[in-house]
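In this note's numbering, the protein residues as written are 16 to 548.
For each residue, glycine too, the CB sits at the ideal point set by N, CA and C.
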Amino acid sequence: MFILKTLIKNNLFLIIIVLTFFIVKLSSISFLPLFNDEMDVGNQTFSLSNNLRDYRGNFLPTYLDSFSESRAPLLMYLSIPFVKFLGLNPISVRLPSIIFACLSLIYFYLLVSKLTTKSIGLFSTFILSTSIAFFHYSGLAFETSLLILLIISTTYYFYLKKYFLSLFLFSLTFYTYNIANIFVPLLVIFLFVSNYQSIDKRKFFLSSLLPIILCLPLLFQIVTGSASNRFSLISIFNQNQKDSIEIKRSSATNPYSIPEKIFHNRFQSTFNTFLNNYISSFSGDFIFLKGDPNPRHSVPSFGLFLAPLFLIIPFCFFSKNASNKLFIFWLIISPIAASLTQNGGNHLTRLFPLIIPLSFFFGCALDFIFLKFKIIFIVFCLFFIYSCFSFYHEYQTHYLTNQYQSWGYGYQQLFSNLPNHQRLFVSNLNYDLVTPFVFYQKHSNQILNDQSTENIFQDFSGFKINSTYFITNWKGNTLDQIKNFAQPNDLFILKQLKDIPGDMDLANFDGFKLINQIKDPHQTLLYQVILKE
């Protein structure tokens, strides 16, 4: 205990936490293959670093126009130095998120220590660093790592009364991830109201002028639709909600009767959906056991935090510091933005701010146990350390093998070393190969278009990038079609089961040379690359 107290007193504990976290994440930075959204971050960053335009050709965009949707741009702009100096690769795309996560740990410690005690700050930071959600997301090119860093650091600067820096950084959060559009204004209002007596009002409002101006382009994007297109698709207010009401009413004798309008209406249905999402986000099942059902967001059989933390929840109520108003309010508003979206009650990316107040409350409980119950503290630490290694073993040994379909497995091997060819035909039936092709072939320094059209080549539909044809509809047996038109030195990337029947091996495909075969971790064929001789 004396050693632990010494570490806490001299901040050595914090250094150990952050350094260990950085080393572990850096050593496993390429463990998981990049998936399409991450490669899109790299493609946009690469394009911006070359000509200050996104790959659609927009100059210094305030919102990026990507293949699948519009995206907030700040992560890409901040990633430019990494891509510029390290090149376009998985390390340059993911390294910024690791750095943002390490800075988040430092600022979280500073914030909690300022509002409570240094020991609670360190315990809370330790809990955050071991959070499965934080650990997982910090090694991926998600906007959430940057968003959390900005929210924590700006809140800290607000309590230091550095209003200009705080509000300036708050304004940047709107350019990270859409949940900031709801979460951040609520947090700023709380900070202003709860500290009203001590705020220099004149200084505060003068400091807000530049941040407001910085937010105006975003407001324009919301009005024109670019920044709100995604929300309109996933919100609980969309057409699907209206359709579900009509289905319920259709079973009644008179679907348009007054009782049906009273008890089956859009407001009532939307409110129930919101409430269900909100309550679900606090469920023990979500937080400790299962997490997000999307295996890309969570490791199956693990929640947001390691399960032993469930055992120390009662001790949180005995810590006087756990009644901190900031983190209670933070906890309350964290699920609001996610609850306004379909299946938002267990969508970890949209609920990511939730891990911050939870880490604080667990830190309060751990600090109380440390001060009052030394034996329980030691036993808990041993159990917790065992759980940490158990998770890490599962993560490193089984996660990718079992969930490779959720990641861009095989894309790097498929596109990194293509041989010289006259024309390239990529079978893009699911519209999933253009992003990895652009990333690994570094084509994002030009204006790109992925809109499928008819007769892009002969009577096939698809789109073209230079001499590469992305075929979205072969209109018949793929192998037969290829035999009919292939010319010498034409290269083909084909999908198993989509273009190639069963486990057919194209090593002996007449008139073609087998260039490469991509297999999954279980040695089942995924793709084959052949060249017309």
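I need the straight-line Cα distance from residue i to residue j, nearest angstrom please.
{"i": "Val164", "j": "Lys177", "result": "In the sequence on display, residue 164 carries Leu and not Val. Going by the C-alpha atoms only, they are around 17 Å apart."}
{"i": "Asn531", "j": "Gln456", "result": "16 Å"}
{"i": "Tyr322", "j": "Ser334", "result": "The question names Tyr, but residue 322 in the sequence shown is Ala. Taking the straight line from one Cα to the other gives about 21 Å."}
{"i": "Gln543", "j": "Leu529", "result": "8 Å"}
{"i": "Leu386", "j": "Phe404", "result": "26 Å"}
{"i": "Ser467", "j": "Asp474", "result": "13 Å"}
{"i": "Phe115", "j": "Tyr190", "result": "15 Å"}
{"i": "Ser431", "j": "Val108", "result": "16 Å"}
{"i": "Gly299", "j": "Thr364", "result": "18 Å"}
{"i": "Thr416", "j": "Tyr152", "result": "19 Å"}
{"i": "Ser81", "j": "Asp535", "result": "28 Å"}
{"i": "Ile393", "j": "Tyr424", "result": "41 Å"}
{"i": "Ile194", "j": "Lys513", "result": "37 Å"}
{"i": "Gly517", "j": "Phe50", "result": "26 Å"}
{"i": "Phe344", "j": "Phe205", "result": "8 Å"}
{"i": "Asp52", "j": "Arg311", "result": "11 Å"}
{"i": "Ile197", "j": "Phe395", "result": "37 Å"}
{"i": "Leu146", "j": "Ile351", "result": "What sits at residue 146 in the sequence shown is Ser, not Leu. If you take the alpha carbons of Ser146 and Ile351, they lie about 21 Å apart."}
{"i": "Ile214", "j": "Leu161", "result": "27 Å"}
{"i": "Gly318", "j": "Phe406", "result": "11 Å"}
{"i": "Val449", "j": "Cys331", "result": "50 Å"}
{"i": "Cys230", "j": "Ser186", "result": "6 Å"}
{"i": "Phe527", "j": "Gln511", "result": "17 Å"}
{"i": "Leu130", "j": "Ile533", "result": "53 Å"}
{"i": "Asp505", "j": "Val203", "result": "58 Å"}
Measuring alpha carbon to alpha carbon, tell me which residue in the options is nearest residue i.
{"i": "His362", "options": "Asn435, Ser250, Phe524", "result": "Ser250"}
{"i": "Ile227", "options": "Ser181, Asn193, Asn210", "result": "Ser181"}
{"i": "Phe320", "options": "Gly306, Phe440, Phe430", "result": "Gly306"}
{"i": "Ser421", "options": "Met54, Ile38, Pro48, Asn26", "result": "Pro48"}
{"i": "Asn336", "options": "Ser146, Val127, Leu326", "result": "Val127"}
{"i": "Phe141", "options": "Asp382, Tyr70, Gln461, Pro503", "result": "Asp382"}
{"i": "Ile302", "options": "Ser476, Asn287, Phe377", "result": "Phe377"}
{"i": "Phe219", "options": "Val199, Leu231, Tyr174, Leu27", "result": "Tyr174"}
{"i": "Ala522", "options": "Pro536, Phe82, Leu540", "result": "Leu540"}
{"i": "Ile38", "options": "Leu187, Leu429, Leu110", "result": "Leu110"}
{"i": "Val441", "options": "Glu53, Ile486, Thr450, Leu341", "result": "Ile486"}
{"i": "Glu158", "options": "Phe399, Asp505, His413, Val56", "result": "Val56"}
{"i": "Asn488", "options": "Thr131, Asn104, Ala352, Asn445", "result": "Asn445"}
{"i": "Ile480", "options": "Gly526, Asn443, Ser296", "result": "Asn443"}
{"i": "Gly359", "options": "Tyr192, Ser295, Gln418", "result": "Ser295"}
{"i": "Leu233", "options": "Leu202, Thr77, Leu103", "result": "Thr77"}
{"i": "Thr132", "options": "Lys216, Tyr414, Ala380", "result": "Ala380"}
{"i": "Leu341", "options": "Leu27, Leu201, His408, Phe524", "result": "Leu201"}
{"i": "Leu90", "options": "Gly102, Asn287, Ala148, Leu155", "result": "Leu155"}
Excluding the 5 residues preceding and the 5 following residue i in the sequence, name in chain order all residues of the same chain whose CB lies nearer than 7 Å to its CB.
{"i": "Phe179", "result": "Ser222"}
{"i": "Ile95", "result": "Thr60, Leu63, Ser64"}
{"i": "Phe124", "result": "Strictly speaking, residue 124 in this sequence is Tyr, with Phe absent from that position. So the list reads Leu29, Gly136, Leu137, Thr140, once near-sequence residues are dropped."}
{"i": "Tyr410", "result": "Val314"}
{"i": "Leu41", "result": "Ile113"}
Please classify residue i as buried or exposed, where buried requires at least 16 other C-beta atoms within 10 Å of its C-beta.
{"i": "Gln254", "result": "Legend: pLDDT at Gln254 = 49, less than 50; position of this residue unreliable, no value from coordinates given."}
{"i": "Val314", "result": "buried"}
{"i": "Ile347", "result": "exposed"}
{"i": "Leu374", "result": "Before going on, a small fix: residue 374 reads as Ser here, not Leu. It counts as buried."}
{"i": "Phe235", "result": "exposed"}
{"i": "Ile384", "result": "buried"}
{"i": "Arg15", "result": "Because the chain spans 16 through 548 in this model, residue 15 falls outside it and cannot be assessed."}
{"i": "Lys547", "result": "buried"}
{"i": "Thr412", "result": "exposed"}
{"i": "Asn308", "result": "Asn is not the amino acid found at residue 308; the sequence shown has Pro there. It counts as exposed."}
{"i": "Gln427", "result": "buried"}
Go through its chain and collect everything with a Cβ distance to residue i's Cβ below 6 Å, but skip five positions before and after it.
{"i": "Ser349", "result": "Pro368, Leu369"}
{"i": "Ser7", "result": "As shown, the chain starts at 16 and ends at 548. That puts residue 7 outside it, with no answer to give."}
{"i": "Ser354", "result": "Phe289, Asn292, Tyr293"}
{"i": "Phe472", "result": "Tyr484"}
{"i": "Ile462", "result": "Gly72"}
{"i": "Asn58", "result": "Tyr70, Val453, Phe454, Ser459"}
{"i": "Ser482", "result": "Arg438"}
{"i": "Pro105", "result": "Ser45, Leu49"}
{"i": "Tyr419", "result": "Asp535, Pro536"}
Residues in the same chain with beta-carbon distance under 8 Å from residue i, minus the five sequence neighbours each way, listed in chain order, please.
{"i": "Phe74", "result": "Leu67, Arg68"}
{"i": "Leu184", "result": "Leu165, Ser168, Thr169, Tyr172"}
{"i": "Ile515", "result": "Thr493, Leu494, Leu509, Leu521, Leu540, Gln543"}
{"i": "Gly477", "result": "Asn443, Ser467, Thr468, Ile471, Tyr484, Phe485, Ile486, Thr487, Asn488"}
message: Suppose only complete runs of 3+ residues qualify. What are the beta strand (DSSP E) ranges in the stretch 466-546, listed by chain order?
response: Within the stretch 466-546, the complete beta strand (DSSP E) runs of at least 3 residues are 468-472, 475-480, 483-488, 505-510, 527-534.
field: In chain order, each alpha helix (DSSP H) run of at least 4 residues that lies wholly inside the stretch 268-355
entry: The qualifying runs are 273-278, 281-295, 328-331, 340-348, 351-354.
task: Please specify which runs of the beta strand (DSSP E), each continuous and at least 3 residues long, are wholly inside the stretch 189-222, giving them in chain order.
output: Runs found: none.
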